[in-house]
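Chemist: First the structure, then my questions, so here it is.
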Amino acid sequence: MISDRMTSNLKQTFKESFLPKIGLVLLLAIILMAIFAPLLATHDPTRTGHYADTGSPYPPMGHSYETQIAQDGDIVDIEVHPTSEHILGTNNVGQDVFSRFVYGARVSLLVALLGTALALVIGVPVGLVAGYYGGRIDDTLMRSADIMLAFPGLVLAMALVGVFGSTPIQVPDPIVMAGFAEGMPESIPIPGSVTVVAGLVIWVWFARVARGEALSLRNQEYVKASKSFGMPNRRILTKHILPNSLTPIIVLATIQVAAVILLEASLAYLGFSGTTLSWGYEIERGQDLLRTRPWISMFPGVGIMLTVIAVNLLGDWFRDALDPNIEGDERGV
Amino acid sequence: MSETILEIDDLSTQFFTSEGKVNAVHGFDLELERGEVFGIVGESGSGKSVTALSLMDLVESPGRITSGSVGYRNPSFAENMRTSYPDAVDGDLVDLRAIPEDARRSLRGTAFSMIFQDPESSFNPSLTVGEQIAEAVEVQQRATAMPRSGRAKTRGPEYSLGSYLMSMALPSKRYVTESSRARAIELLETVGIPDPAQRADEYPHEYSGGMLQRAMIAQALASEPDVLIADEPTTALDVTIQAQILDLLNELQAETGMTILLITHNLGVVARMCDRVGVMYAGEIVERGTLEDVFDDTVHPYTKGLLGSVPDLEGTADRLQAISGNVPSLLDHEMGDRCYFADRCPKAMDTCLEKPRSFDVDADGRHSVTCYLAEENYDPDRALEEGRFASEGAVSDVGGDSQ
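Residue numbers (this note's numbering), protein chains in the order written: chain U, 805 to 1137; chain L, 12 to 414.
Here it is, written out as structure tokens:
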């Protein structure tokens, strides 16, 4: 499926143009940040603003945060502006925004990439088979896809989370366990069910795009010619249909990565995600304070934006390199 | 008369459209002899291409082969089919319409192969030409490794999903073997591609039209077919290249002894290539015979019309005699039961309102015509009046010449 020509084209396009390099550097940086989060974080991301005397994470009854800050020297961590201690400030329960930004990349990236990958694995074969064979196979597969489409994505996701449960899988953090990072959470919450749900909600779009491609490709003369010398259908699907339908699928995948980050954010906001340590959740958390404390939701927002841009730049690179119709000068402009 | 390899009887292919049934091919009879070149000529919309696709079983929805039999003579194939489908086998002859689709399709490539009209679109633009030909070789090699009976019942392990995924992941399990590739280069050399080892790694857009047509012939030959169906192999090429391609086909035919069914609208191509020729009109063969029979001893007015519409280099330059009118509607309910050419025929008589059967012109039965003129002479007194069919308004071009 991945021919020598594809790899050589990918290399050439990469060399010739600047944007794929930015995309790759950005995405690598974000991925590295996610992996080495415990080393980069300055505070425990889950520790809320502490009160030295009471030990309670919440301000005393009858006091708003601001008055507490003004009147009580003990309340140090709530909603502070960026300082040298908290370089991106703290949020409304006194958690360090930078540390949460670094840790949030883990959840958001994991869900987005794995969820999209799952959707690709389900949707593309279904769509290609439906479009290529047509007839009853097409009807059966695509009508079941339509059932998925009949529900709004978020509602379907919530229903599915209800089925699968939303408890995240707690995986021990190897970096913390190895003793490289003191005072960081010992386990990583991986929202497994949210990942699966994201894949189940968006595979339909891949199926529809793949079907459309297969539908037009199967009428190509070269498919007919391949049939005429006895090439098996399964082989035609992987040799002719799949590679030639990759371009729109890749473009769609880059869009869907962003969509899954947002879907995860919505689920987290509604309390369906099982983890509160994700970019999406942080955005929703800071939404009420946007006017007075913009940093709370701004930085996770920037994180999502950079990820989406990086993925899109890579998607453009794939498209330029893999599409045989884009030649020479048009490439990588 | 040598033995026949293909006996097609009463083959009909219909397209089920919203306007009604379209009889693209109906009541098509043909016997192909082993090693001959048979030409089918006819104007656009006469059902030539659909005939070719029907033989390959490549007709796509809304089209369907509705009746008829396609007998294929091959002793070993007949032997394999005899136990499972005794009804379909008659001596060495297997009726391909009476065996299941899987078994029929296993013959693609190994028994029948096809050259298409437009070489440019018949290659995948994103794969090298060599790769695509090697693919065809691979099909043949797998077919020989696995006897046809086995293929007919179940797909062999080579086609299982597991080995399939393996072939994508592991280079050592590549689907197309090195030997297939080497054979592909050999084939490219056979069809006259210069520097084949290097050209094999080039993409279709780096080839000229003529070279691509040669490459397509190589692809069709890869599986060493018994019958090669060439659907307008030279139409998309310019004239000098046309001659080269036809010569190449002639050479290869002489070398391999394969049977060629050549479909064209070009009478010059037929005259150059064919041993026998069938003239097709409105989905059926109206006149057939040897080249001399049909070209020199023409009976059917339609054949005369076709021959009259070819410019003559030596003769005096009169206006060309075009056949008036259009191909008739092939819609089932509009076709009626008469000679379909009657409305355009300069010699239509009252008898033509009834559908003529096939008449033999000669005693040896090799020249036959679907026209009453084979038996009686034209009588102007019995002529149909002008515009007899005009009121029916049935003249619309709905033929499925190309899909």
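Glycine residues also receive a C-beta, built at the ideal position from the N, C-alpha and C atoms. Model, not experiment: these values are computed from the prediction.
Are the beta-carbon atoms of L/Thr245 and L/Gln255 separated by less than 7 Å?
Modeler: no
Chemist: Give a yes or no on whether the minimum CB-CB distance between U/Met1035 and chain L is below 7 Å.
Modeler: Closer than 7 Å: yes.
Chemist: Between the Cα of L/Phe123 and the Cα atoms of L/Asp101, L/Gly82, L/Gly141, which residue gives the shortest distance?
Modeler: L/Gly82
Chemist: Can you find a C-beta in chain L that's less than 7 Å from the C-beta of U/Tyr1026?
Modeler: yes
Chemist: Could you tell me the alpha carbon to alpha carbon distance between L/Arg115 and L/Arg153, rounded to whole angstroms?
Modeler: 16 Å
Chemist: Alpha carbon to alpha carbon, what distance is there between L/Arg225 and L/Gly203?
Modeler: 7 Å
Chemist: Could you spell out the range, first to last residue, of the alpha helix (DSSP H) harbouring L/Met291?
Modeler: No alpha helix (DSSP H) holds L/Met291; the beta strand (DSSP E) holding it covers 287 to 292.
Chemist: Beta carbon of U/Leu1081, beta carbon of U/Tyr907: below 7 Å?
Modeler: yes
Chemist: Could you please give the first and the last residue of the uninterrupted beta strand (DSSP E) stretch that includes L/Met125?
Modeler: Start and end: 123 to 126.
Chemist: Please classify L/Glu6: does DSSP put it in a helix, a strand, or coil?
Modeler: Because chain L spans 12 through 414 in this model, residue 6 of chain L falls outside it and cannot be assessed.
Chemist: Could you pull out every residue in the same chain whose Cβ sits closer than 6 Å to the Cβ of L/Ala359, ignoring the five residues on either side in sequence?
Modeler: Ala353, Leu395
Chemist: With contact counted as at least three CB pairs below 8 Å, one residue from each stretch, are the region 971 to 982 of chain U and the region 927 to 945 of chain U in contact?
Modeler: With the cut-off at 8 Å, the region 971 to 982 of chain U and the region 927 to 945 of chain U do not touch.
Chemist: Just to confirm the assignment, what range does the beta strand (DSSP E) spanning L/His37 have?
Modeler: DSSP places L/His37 in the uninterrupted beta strand (DSSP E) bounded by 31 to 44.
Chemist: Quick check: the Cα distance between L/Phe39 and L/Leu22, rounded to an integer number of angstroms?
Modeler: 5 Å
Chemist: Can you tell me whether U/Gln758 is helix, strand or coil according to DSSP?
Modeler: Missing from the structure shown is residue 758 of chain U; chain U here goes from 805 to 1137 and no further.
Chemist: Smallest Cα separation from U/Leu964: which of U/Leu1071, U/Gly827, U/Gly931, U/Gly1084?
Modeler: Checking every option, the nearest Cα to that of U/Leu964 belongs to U/Leu1071.
Chemist: Using a C-beta to C-beta distance shorter than 8 Å, which residues of chain U count as neighbours of L/Ser132?
Modeler: Gln1024, Glu1025, Tyr1026
Chemist: Taking CB distances under 7 Å as the criterion, tell me whether U/His847 reaches chain L.
Modeler: no
Chemist: Is there a C-beta anywhere in chain U that falls below 7 Å from the one on L/Arg119?
Modeler: yes
Chemist: For L/Arg108, which residues of its own chain have a beta-carbon under 6 Å away from its beta-carbon, when the five flanking residues on both sides are left out?
Modeler: Ser80, Val81
Chemist: Could you pull the start and end residues of the beta strand (DSSP E) that L/Glu18 belongs to?
Modeler: 15 to 28
Chemist: What residues match up with U/Ile994 in a beta bridge as DSSP calls it?
Modeler: U/Ile973
Chemist: Measure from the alpha carbon of U/Arg910 to the alpha carbon of each residue in U/Gln899, U/Val897, U/Phe902, U/Pro993, then state which is nearest.
Modeler: For U/Arg910, the nearest C-alpha among the options comes from U/Pro993.
Chemist: Alpha carbon to alpha carbon, what distance is there between L/Pro322 and L/Cys382?
Modeler: 26 Å
Chemist: Measure from the alpha carbon of U/Phe1010 to the alpha carbon of each residue in U/His847, U/Lys815, U/Pro1098, U/Ile926, then state which is nearest.
Modeler: U/Ile926
Chemist: Return the chain-ordered list of same chain residues with a C-beta closer than 7 Å to the C-beta of L/Asp361, the five sequence neighbours on each side being excluded.
Modeler: Here the set comprises Arg393, Leu395.
Chemist: In chain L, which residues lie less than 7 Å from U/Ser1032 when you measure between Cβ atoms?
Modeler: Met67, Leu69, Arg119, Ser124, Met125
Chemist: Out of U/Asn895, U/Gly1105, U/Gly966, which has the shortest C-alpha to C-alpha gap to U/Val1000?
Modeler: Sorting U/Asn895, U/Gly1105, U/Gly966 by C-alpha distance to the C-alpha of U/Val1000 places U/Gly966 at the top.
Chemist: Contact criterion: CB-CB distance below 7 Å. Does U/Ala1014 meet it with respect to chain L?
Modeler: No, its Cβ sits nowhere closer than 7 Å to a Cβ of chain L.
Chemist: Go ahead and pull the three-state DSSP assignment for U/Val1064.
Modeler: Three-state result, U/Val1064: helix.
Chemist: Could you list which residues in chain L have their beta carbon closer than 8 Å to that of U/Asn1048, in chain order?
Modeler: Asn135, Ser137
Chemist: Return no unless some Cβ of chain L is closer than 7 Å to the Cβ of U/Ala1063.
Modeler: no
Chemist: Name the chain L residues whose beta carbon is nearer than 8 Å to that of U/Ala1029?
Modeler: Met125, Phe127, Ser133, Phe134, Met227, Gln230
Chemist: For U/Thr850, which option in U/Lys825, U/Ile835, U/Leu836, U/Thr894 has the closest C-alpha, if you only look at C-alpha atoms?
Modeler: U/Thr894
Chemist: By a C-beta neighbour count over all protein chains shown, 10 Å radius and 16 as the cutoff for buried, is L/Gln209 buried or exposed?
Modeler: exposed
Chemist: L/Gln128 and L/Thr77 - do their beta-carbons sit closer together than 7 Å?
Modeler: no
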